[in-house]
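Novice: Input: one structure, supplied below.
Number of protein chains: 2
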Amino acid sequence: MSLAEETATQTIAATMAELGQRARDAASRLAQAPAEAKNAALRAMAAAIRADCPHILAANARDLERAEASGRPAAFLDRLRLDRERVEAMARGIEAIAELPDPVGEVTAEWTRPNGLRIARTRTPIGVIGIVYESRPNVTADAGALCMKAGNAVILRGGSDSFASSEAIVACLRAGLAEAGLPEAAIQMVPTADRSAVGFMLEGLGGTIDLIVPRGGKSLVARVQTEARVPVFAHLEGICHVYVDRDADADMAREIVVNAKMRRTGICGAAETLLVDRAGADRHLAGLVGALIDAGCEVRGDSEVQAADPRVVPASEEDWSTEYLDRIIAAHVVDGVDEAIAHIARYGSQHTESIVTQNTETADRFLTSVDSAIVLHNASTQFADGGEFGMGAEIGIATGKLHARGPVGLEQLTSFKYIVRGSGQTRS
Amino acid sequence: MSLAEETATQTIAATMAELGQRARDAASRLAQAPAEAKNAALRAMAAAIRADCPHILAANARDLERAEASGRPAAFLDRLRLDRERVEAMARGIEAIAELPDPVGEVTAEWTRPNGLRIARTRTPIGVIGIVYESRPNVTADAGALCMKAGNAVILRGGSDSFASSEAIVACLRAGLAEAGLPEAAIQMVPTADRSAVGFMLEGLGGTIDLIVPRGGKSLVARVQTEARVPVFAHLEGICHVYVDRDADADMAREIVVNAKMRRTGICGAAETLLVDRAGADRHLAGLVGALIDAGCEVRGDSEVQAADPRVVPASEEDWSTEYLDRIIAAHVVDGVDEAIAHIARYGSQHTESIVTQNTETADRFLTSVDSAIVLHNASTQFADGGEFGMGAEIGIATGKLHARGPVGLEQLTSFKYIVRGSGQTRS
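Protein chains in written order, with full-length UniProt numbering: chain P, 1 to 428; chain R, 1 to 428.
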């Protein structure tokens, strides 16, 4: 490392440490903020975003110009691009968060001990949350607003290609905080595009960051999961399965499988592997495969699947553990629900799996045995979504087993403490 | 590293990897075990421990002899020592765990969506839990039984001085599992006293270990927290505060403070710092300090505390952040509840704090603002205990903010998943 580089890293370290300290102080204040103040701030944020729309779009245009010049692909540019509609959607999204009930202070369990102590487990904010994401300006607004509503300070680190857009959006979020009398440092953006800043965040900024939430593709999430020294809510990939049992209704199975795969292929809840019960293959396999192919999906199958339709492509071992996020599905014939469960245990990502069957006993066996965040019976895997679960906004899906599993919404962004009320009790 | 050392490390790595794989397989099977089977196993474990008492005591005698020969201090030897009574207490502890309700399968929330999907958040085991502890043979039995009851496989790594004792106890636990038809690998002990084995556990054994729970002193917990690459439930220390407000009842305050400090000084919920409201110091300070000193406690105070009693020793800055675990307390006069809250935020360990006051408004301010796992009003900090909370057995107290906070009992040793039941729903 040259002296200049070393100095730069030291400067970034100092900047990040300051950012962390400000976040920590803001979190203490925000934890005590009443729901009305937080909701007023959210409404003011939405208003500021609407009022500043021209400024946000101008900043976005600068980002786009640079990203195009550096040869970013079309899909990347589309995720980066804002227009009046997308800016309005951001504002509406924040207003929707204002409408959600405030989780902080909610008593989730309460009991009285024989000695008269009354114990209440009560939701509290987590503290400081770091969000590391790609060049998607809308995440700046969504994540910032959702973390704040749960009483947390947030440090945002978006992709460097969206730097100007995010800066313009964060200015609106902070204006909203200020208008409601809340600390502006409750929402901060890392002020440098230097990649070493992410490293400091993943180390926790000296005990300042309580939680990291990565939002983005597999390589980003993998880096965060590997390097983070603080807890992470994330899913690396969604290798979601649909198992069509011998006792499935054929029409229902076809509709669920096509929807699970094809409704939107790019989301983490999209099905990537179809498992068909050998005992029902005669009735189901050709119909399922045909419907998928007719819908424009490539089917990669084992030899039995290939025999069902000449358009099936041979599957390799790798296909069983591939998240295509595309119009491709792997298909495999299994010996009943137990082999389906074993296949999912071996190749799955513990995200979301569905069984289609009219046999409730078989369904219960699947639902109990499959160790995934979400298991469904007779429903599409595409329901793996906080909104579809009725949680309101979500910041993503987690496949870890601690604290948050499945959709990460407001509740999952809180911690809790035990409040114990006595009348002079001492322990004997 | 010499070639011999390198070979040894490789051997340990291979041994640990196998151990992990067996634990993972056992966890899958145990996750499906009905409550009756787990309870039968627990009762059989207790019976085996009683039946094998002579063998356990003989193994313990060998451990003690070696530990004495290597010059371990008396307190260490006392923790290591077993006798008939202590063995019986282990057996009874396991039987008490058998009596607790099985958390696995419990539905903690349930709702139906407008489209008819029925969603149930359901408790599941976490998977594989690693326990790293000091030379206290009883932890082997407690931790092994509690983790198993919650459906988890457990890998036990106790202090090397208790190796023979732990081995004898684990044999009884595994006999109990076998008798109930459950996989013996659900409870495994690291078969080597080599310290590198702990390192492999803290790395997670290649994704096998879901959670580490350290049980022991500060240096053990600090090592685990620093090195672990998997989630940890622990508290580093319990610097617990009692704040006596201007509106406190003097008798109640004295009883609570003396109990919080002196009932047992060696537990993490023992008070380490007394904060007294300046506005009530005239009424409270001398009485509190006198009662503590009369009870045999050294009081280290600031100048105002020193002025209240000539026996008070001067406190230094370091005292405010010291966990004495002894008959010593730091005492400080503060300007009301807000300075108490600020002092706790600065010096505390987010474990357990208590306010003594008859003013409910002041109490609420304290209970809401203090960011600790347990906050009490008019009660002793020594209630920071799973048993006192009515949770049954506990494996320790956690001060982290995610998943488990406060006492870690059966519920905290479970994860959850969403079970979604439909009738053919697809997402539009």
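Note that CB positions come from ideal geometry on N, CA and C, so glycine has one too.
Keep in mind that this is a model prediction, so the values were computed, not measured.
Between the Cα of Leu42 of chain P and those of P:Val242, P:Val232 and P:Cys172, spot the shortest distance and give me the residue it belongs to.
Specialist: For the residues P:Val242, P:Val232 and P:Cys172, the minimum Cα distance to Leu42 of chain P belongs to P:Cys172.
Novice: Return the residue from the list R:Arg79, R:Gln225 and R:Ala59 that minimises the CA-CA distance to Ser165 of chain R.
Specialist: R:Ala59
Novice: Determine, for Asn378 of chain R, whether the minimum Cβ-Cβ distance to residues of chain P falls below 8 Å.
Specialist: So, interface residue.
Novice: Tell me which residue opens and which closes the alpha helix (DSSP H) that Cys147 of chain P is part of.
Specialist: Pro137 to Lys149
Novice: Which residue from P:Leu274, P:Ala75, P:Pro54 and P:Gly93 puts its Cα closest to that of Gly392 of chain P?
Specialist: P:Gly93
Novice: Output yes or no for whether 8 Å exceeds the beta carbon distance between Met148 of chain P and Glu167 of chain P.
Specialist: no
Novice: Using a Cβ-Cβ cut-off of less than 8 Å, give me the residues of the segment 24–44 of chain P that come near chain R, in sequence order.
Specialist: Ser28, Ala31 and Gln32
Novice: Please report whether the beta-carbon of Val420 of chain P lies at a distance below 8 Å from any beta-carbon of chain R.
Specialist: yes
Novice: Would Ser201 of chain P pass as an interface residue toward chain R - the criterion being a Cβ-Cβ separation below 8 Å?
Specialist: The question names Ser, but residue 201 of chain P in the sequence shown is Met. No, Met201 of chain P lies away from the interface with chain R (no Cβ there is under 8 Å from its Cβ).
Novice: I'd like to know whether the C-beta atoms of Arg300 of chain P and Val313 of chain P end up nearer to each other than 8 Å.
Specialist: yes
Novice: Compute the distance between the beta-carbons of Asp249 of chain R and Asp277 of chain R, then report whether it is under 8 Å.
Specialist: Against a cut-off of 8 Å, the Cβ pair of Asp277 of chain R and Asp249 of chain R comes out as no contact.
Novice: Measure the C-alpha to C-alpha separation of Glu317 of chain R and Val333 of chain R and round it to an integer number of angstroms.
Specialist: 14 Å
Novice: Can you tell me the Cα-Cα spacing of Cys240 of chain P and Val337 of chain R, whole angstroms?
Specialist: 53 Å
Novice: Chain P beta carbons: is any one of them nearer than 8 Å to that of Glu340 of chain R?
Specialist: Just to set this straight, residue 340 of chain R is Ala in the shown sequence, not Glu. Closer than 8 Å: no.
Novice: For Val242 of chain P and Thr322 of chain P, what's the separation of their Cα atoms in angstroms?
Specialist: Between Val242 of chain P and Thr322 of chain P, the C-alpha separation is close to 15 Å.
Novice: The alpha helix (DSSP H) that contains Pro125 of chain P, what's its start and end?
Specialist: No alpha helix (DSSP H) contains Pro125 of chain P, which is instead part of the beta strand (DSSP E) from Arg118 to Pro125.
Novice: Unbroken alpha helix (DSSP H) runs of length 4 or more, entirely within the segment 286–325 of chain R: which are they?
Specialist: 303–308
Novice: Got a sec, what are the start and stop residues for the alpha helix (DSSP H) residue 494 of chain R sits in?
Specialist: There is no way to answer for residue 494 of chain R, as the model of chain R reaches only from 1 to 428.
Novice: Give, in chain order, every residue of the segment 147–161 of chain R whose Cβ lies closer than 8 Å to some Cβ of chain P.
Specialist: none
Novice: Once DSSP output is grouped into helix, strand and coil, what is the label at Val87 of chain R?
Specialist: helix
Novice: With DSSP collapsed to three states, give me the class of Gln350 of chain R.
Specialist: coil
Novice: Who are the Cβ neighbours of Phe76 of chain R in its own chain at under 8 Å, not counting the five residues just before and after it?
Specialist: Once the five neighbours on either side are set aside, the close Cβ partners of Phe76 of chain R are Ala67, Ser135 and Asp161.
Novice: Between the alpha carbons of Ser196 of chain R and Leu30 of chain R, how many angstroms are there, rounded?
Specialist: Approximately 28 Å, taken between the alpha carbons.
Novice: Answer yes or no: do Ile329 of chain R and Gly424 of chain P have a C-beta to C-beta separation smaller than 8 Å?
Specialist: no
Novice: In this structure, how does DSSP classify Val104 of chain P when only helix, strand and coil are distinguished?
Specialist: coil
Novice: Let's test the definition: count the other Cβ atoms within 10 Å of the Cβ of Val415 of chain R and tell me whether it reaches 16, buried, or not, exposed.
Specialist: Note on residue identity: the sequence assigns Ser, not Val, to residue 415 of chain R. With 16 or more other Cβ atoms within 10 Å, it is buried.
Novice: Between which two residues does the alpha helix (DSSP H) holding Arg54 of chain P run?
Specialist: It is worth fixing the name first, because residue 54 of chain P is Pro in this sequence and not Arg. Taken as a continuous stretch (DSSP letters only), the alpha helix (DSSP H) holding Pro54 of chain P covers Cys53 to Ala69.
Novice: What are the residues in the segment 195–220 of chain R lying within 8 Å of chain P by C-beta distance?
Specialist: Asp210 and Leu211
Novice: Can you look up Ala178 of chain P in the DSSP assignment and give me helix, strand or coil?
Specialist: Helix, per DSSP.
Novice: Looking at the structure shown, is Glu237 of chain R part of a helix, part of a strand, or coil, going by DSSP?
Specialist: coil
Novice: For my contact list, Met201 of chain R and Arg157 of chain R are in at a C-beta cut-off of 8 Å; report their separation, rounded to the angstrom.
Specialist: 6 Å
Novice: Ala295 of chain R and Met262 of chain R - do their beta-carbons sit closer together than 8 Å?
Specialist: Result yes, Cβ atoms of Met262 of chain R and Ala295 of chain R sit closer than 8 Å.
Novice: Identify the residues that DSSP records as bridge partners of Ala96 of chain R: which are they?
Specialist: Residue pairing from DSSP leaves Ala96 of chain R without any beta-bridge partner.
Novice: Taking 8 Å as the threshold (beta carbon to beta carbon), is Ala345 of chain P in contact with chain R?
Specialist: yes
Novice: When DSSP labels each residue in this structure, what does Ile187 of chain P get in the three-state scheme?
Specialist: In the displayed model, Ile187 of chain P falls within a strand according to three-state DSSP.
Novice: For a contact meaning CB atoms closer than 9 Å, what does residue 430 of chain P contact in chain R?
Specialist: Coverage of chain P is limited to positions 1 through 428, which leaves residue 430 of chain P absent and any answer about it impossible.
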